[in-house]
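Have a look at the structure below, then the notes.
2 protein chains.
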Amino acid sequence: MKVICDGLDLSDAVLKVSKALSVKAANPVLEGIKITAEGNTLTLLATDTELTIEKKIKADVLMEGETVVVGKYFVDFVKKLEKEQVELSRLYDAQLQIKYSDSESELQVFPAESFPKIDKGMEDGAYFEISQVDFKSIVEKATISCSVDDSRPILKGCLFEIEGGNLTCVALDGFRMSVVNKEVTASGDFKAVIPARALNEIVRLLDKEEQNLKIYIKGNSLFVSVENTTLISRLIEGEFVKYRHILPSSFANTVTVNKNALLSSIERAAIVARNDRYNVVKFEVKEDLMTVSAKSEIGNVNENVNVNLDGKDITIAFNGKYVSEYLRVCGEEFVTLNLNSPIDPCIIKSVSGQGFLYLVLPVRINA
Amino acid sequence: MKVICDGLDLSDAVLKVSKALSVKAANPVLEGIKITAEGNTLTLLATDTELTIEKKIKADVLMEGETVVVGKYFVDFVKKLEKEQVELSRLYDAQLQIKYSDSESELQVFPAESFPKIDKGMEDGAYFEISQVDFKSIVEKATISCSVDDSRPILKGCLFEIEGGNLTCVALDGFRMSVVNKEVTASGDFKAVIPARALNEIVRLLDKEEQNLKIYIKGNSLFVSVENTTLISRLIEGEFVKYRHILPSSFANTVTVNKNALLSSIERAAIVARNDRYNVVKFEVKEDLMTVSAKSEIGNVNENVNVNLDGKDITIAFNGKYVSEYLRVCGEEFVTLNLNSPIDPCIIKSVSGQGFLYLVLPVRINA
Chain A
436 MKVICDGLDL SDAVLKVSKA LSVKAANPVL EGIKITAEGN TLTLLATDTE LTIEKKIKAD
496 VLMEGETVVV GKYFVDFVKK LEKEQVELSR LYDAQLQIKY SDSESELQVF PAESFPKIDK
556 GMEDGAYFEI SQVDFKSIVE KATISCSVDD SRPILKGCLF EIEGGNLTCV ALDGFRMSVV
616 NKEVTASGDF KAVIPARALN EIVRLLDKEE QNLKIYIKGN SLFVSVENTT LISRLIEGEF
676 VKYRHILPSS FANTVTVNKN ALLSSIERAA IVARNDRYNV VKFEVKEDLM TVSAKSEIGN
736 VNENVNVNLD GKDITIAFNG KYVSEYLRVC GEEFVTLNLN SPIDPCIIKS VSGQGFLYLV
796 LPVRINA
Chain B
436 MKVICDGLDL SDAVLKVSKA LSVKAANPVL EGIKITAEGN TLTLLATDTE LTIEKKIKAD
496 VLMEGETVVV GKYFVDFVKK LEKEQVELSR LYDAQLQIKY SDSESELQVF PAESFPKIDK
556 GMEDGAYFEI SQVDFKSIVE KATISCSVDD SRPILKGCLF EIEGGNLTCV ALDGFRMSVV
616 NKEVTASGDF KAVIPARALN EIVRLLDKEE QNLKIYIKGN SLFVSVENTT LISRLIEGEF
676 VKYRHILPSS FANTVTVNKN ALLSSIERAA IVARNDRYNV VKFEVKEDLM TVSAKSEIGN
736 VNENVNVNLD GKDITIAFNG KYVSEYLRVC GEEFVTLNLN SPIDPCIIKS VSGQGFLYLV
796 LPVRINA
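Residue numbers (the numbering used here), protein chains in the order written: chain A, 436 to 802; chain B, 436 to 802.
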C-alpha cells in the first residue's frame, strides 16, 4: 500500500471514524482504524462491532492495499499533520510509514485480515427519509428519556415506529418518556429500536440542515450515509415497552406556563435540592399562580410563576432534573402540564400539542 | 442587614471571590463567602487562609450588617439571577433571604463572627509596579517550571527578586528552571516567594493590558488591587534555591532553530513517547540538520528540522514535555539551544537572548 493525501482531509476523516473505536476491547484489533487504498480513494473504517463508521477521502493511490493502525495514536498523530501533504505506506507487516515534509515516522499496525468484515450492502432495506434539521430535533427530544444503565438494554435505545408515513419516536427510562411524532417519507411500515449512541453519532455527522437524510433498516442493522461518511449500527433486539397504554387519556387539570419562567425557577430550586437523591421540586398551583419550591439543609427556594389553570388547585412534586431537561429541549415558548392527581403521571407538551409529548412520573411527598 | 444590588454585578463578584474558597475545609466557615453591607457598598470576601479575594460592588444598603453564606450554593444561585434586581437580607442568624421578582429564597449562613479576620492594611509595604501585559507574560513563563507536588513547598512558588529596578522571577522543579527578567518601578530592593496559585489568580483578574499593576509585599503577605477586587496571598516562607550557580557560564554548542518547526516535531514525537515515564525525545544535531526522534512500542518518529549549528555535532535527549512547554510560552520565532554535553544542562532562550532563559536537564540515553 502506498497513498498520498491531504493532511487536513485525513485528519478530519480519522477524527470522524474514531467515534466508533473500541476502548479497551477484548480484541485489540477493534482499537484500530482500517485503512484501505483503492482506485483514487482512501477509506478509513472503525468499528466496535456495535457501531461502525467509514469515511472515504480522495487520494493519490500509488499502490493499492490495506492495513489497520492503532486508532488513538493515529488520531493524535494526523491531527498534527493538518498542514502537510501526507504519504502513507505499509512497509512490512508491522508498520505503517507516514511521510511528510522531509520527515518519516512509523506506527505499529495489525494485520488487515484480523479486522472484522462489515456487511455494507444495505440499500435494498426498508428506509425512511427526513430533513437533517428534523432528525436532529427528534433525536434531541427523544434521547433525554433514554436509560443510561445497562440493566434493561432496550431502554438505551429509541423506538422508531413508521406507520402510514408517520414516524413515532419513543424513549423511556421508567421515570419519564418522550414521544415525538413527525411525517416522513418511508418505504413502508416498520419499526426498529436504535441505540441512543448511534443516534447521537449520526447527529454529529450532520452539517447541512436543509438536506435530507435517508436511514435504512435491514435485518438487525441500521445504515446511513452522509456525504462520504457511512454509519452502520446494530439495532437493539427485543420487544420495546408497550408505551401507548401508559399515556393517560384524560386530565383533570391543565396548567399553561411560560417555559423560560418555569425553567429558571426549577433551576434555582434544583440548587437547594441537589444533594437529595430525587431532586424533589414541589409545584403548588393555586388559581393563576404556581409556587415552585424546594427545601433542604442548604436552604429553601420559593418562586412564584404566573400560570393559567384549567381545573382545580393541585400540589405535585417532581424530580426537578426531569422537568428541566424537557424544558431545555422542547423549543416552545409556552407549555402545558396535564395533571390528574399528585400520584398520577404528568404529561407536558407544547400549547399547540403537536409533535412532542413528555410524560413524567411525580415523586410522592408528605402533605 | 438588608441590601439591594444588580444581579449581574453580584454574580460577577461572587464568581471572582469564589476562587479563594476552601474546598472541604477543616473549618467549614472557610467554605463561606462573607457578605458585608456598609455605606453604599456590598463587599464579598472569601479566603482559605492562604489566598483571600475581596470584591466591592455598588449597592443600595437599607440596613448595614454582615453574614457568611455557603459559597458553592451562593455561586450557583446568583449565576441564575443575572437578569434580576436582587435583595439580600439576613432574616435571623441562620438564613440569608434572597428576594427577586416576586420570589424569595433562603440560604443557610454561618455567623460572621466565626469568619477569620483578614489584615488588609498593606499600602505601606514594599512594592513593585509593572504593566498588566508584562506581568501576565512573566507569570506564564515562570510558572511552567513550578513544582506541582507538595514535597518541597517552596518550589510551588516563584521567587520575585527586585534589585536596582530589575525584577528577576525564578521557578524550578528539579528538572527545569525559568528565569525571567524585566525592568520595573519598585520601592527598593527586596525578594519574596509567591505561590503559583496566587500568581495565576492575579492574572485572571487582569483585563486592561495597558494599565499598571502595583504589587505590595509586607511581612509574609502579598497584596494587590485591581479595579474593585483585592487579592491577598500568603508568601511561601523559607530560603529559595540558590539558582545562579546552576546556570552554566559557557557552552560548546549553540543550535538556532525555528520555534514552530521544532515544536511541531516534538509534539509528534511525544505521541509515540507518551507511554514512557520520561517522554524521551532525542535530538541529533549534525551540521545544519537536527533529527528529532522518539521510539516505543507504539512506533517511531523521525523528523528533520533545519538548524544553524555553532559548535560540534551533538546527540542529547530530553523529556519532550519540558521542551515543548517552553516553546509554547516563549513567544519568539527563533530560539537557541545552548549545549555542552549530553549530560549537562541545556539553556534555551530567544535569539536576542533577552528577558527569558530556560534551563532543562537532559535525560540519559544509551548511545
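Note that CB positions come from ideal geometry on N, CA and C, so glycine has one too.
- Listed as beta-bridge partners of residue 490 of chain B by DSSP are B:479, B:664.
- For residue 543 of chain B, the neighbours in chain A by C-beta distance under 7 Å run, in chain order, 732, 733, 734.
- Residues of the region 482 to 512 of chain B whose Cβ lies closer than 8 Å to any Cβ of chain A, in chain order: 505, 508, 511, 512.
- Bridge pairing for residue 524 of chain A: A:437, A:532 [DSSP].
- Excluding residues up to 5 positions away in sequence, 453, 456, 466, 467, 468, 481 lie with their Cβ nearer than 7 Å to the Cβ of residue 506 of chain B in the same chain.
- Look at residue 568 of chain A here: in three-state DSSP terms it is helix.
- For residue 497 of chain A, the uninterrupted beta strand (DSSP E) segment begins and ends at 495 to 498.
- DSSP links residue 691 of chain B through a beta bridge to B:743, B:771.
- In the DSSP assignment, residue 794 of chain B falls within the beta strand (DSSP E) that extends over 791 to 795.
- Non-local C-beta neighbours of residue 640 of chain A in its own chain, meaning closer than 6 Å and more than five positions away in sequence, comprise 661, 664, ordered along the chain.
- For the region 712 to 724 of chain A, no residue has a beta-carbon sitting nearer than 8 Å to a beta-carbon of chain B.
- Rounded to the nearest angstrom, the gap between the Cα atoms of residue 544 of chain B and residue 450 of chain B is 18 Å.
- With 16 or more other Cβ atoms inside 10 Å of its own Cβ, residue 496 of chain B counts as buried.
- Proximity of residue 525 of chain A to chain B, defined by a Cβ-Cβ separation below 8 Å, is not satisfied.
- Within a 10 Å sphere around the beta-carbon of residue 621 of chain A sit 16 or more other beta-carbons, which makes this residue buried.
- Of all residues in the region 670 to 701 of chain B, only 699, 700 place a beta-carbon less than 8 Å from a beta-carbon of chain A.
- Taken atom to atom, the span from the alpha-carbon of residue 569 of chain B to that of residue 670 of chain B is near 21 Å.
- Remark: C-beta atoms of residue 720 of chain B and residue 749 of chain B approach each other more closely than 8 Å.
- For residue 632 of chain B, the secondary structure class from DSSP, reduced to helix, strand or coil, is helix.
- Between residue 576 of chain B and residue 615 of chain B, the C-beta spacing is below 8 Å.
- Rounded to the nearest whole angstrom, the CA to CA distance from residue 510 of chain B to residue 517 of chain A is 41 Å.
- Under DSSP, residue 557 of chain B shares a beta bridge with no residue.
- Here residue 461 of chain B carries a coil assignment [DSSP, helix/strand/coil].
- Under the 10 Å beta carbon count, residue 460 of chain A is surrounded by fewer than 16 other beta carbons and is classified as exposed.
- According to the DSSP assignment, residue 760 of chain B belongs to the alpha helix (DSSP H) that extends over 755 to 764.
- For residue 737 of chain B, the residues of chain A that pass the 7 Å Cβ criterion are 538, 539, 540, in the order they occur in the chain.
- Shown here, residue 508 of chain B sits in a helix according to DSSP, grouped into three states.
- Of the residues assessed, residue 761 of chain A falls on the buried side of the cut-off, its CB having 16 or more other CB atoms within 10 angstroms.
- Interface residue (Cβ-Cβ distance to chain A less than 8 Å): residue 763 of chain B is not classified as such.
- Distances from the alpha-carbon of residue 703 of chain B to those of A:756, A:515, A:471, A:536 put A:515 closest.
- At least 8 Å separates the CB of residue 747 of chain B from every CB of chain A.
- Against chain A, the beta carbon of residue 515 of chain B has neighbours under 7 Å at 699, 702, 703, listed in chain order.
- Residue 596 of chain B has its alpha-carbon roughly 6 Å from the corresponding atom of residue 625 of chain B.
- Contact note: residue 706 of chain B reaches chain A through 508, 511, 512, using a C-beta cutoff of 7 Å and chain order.
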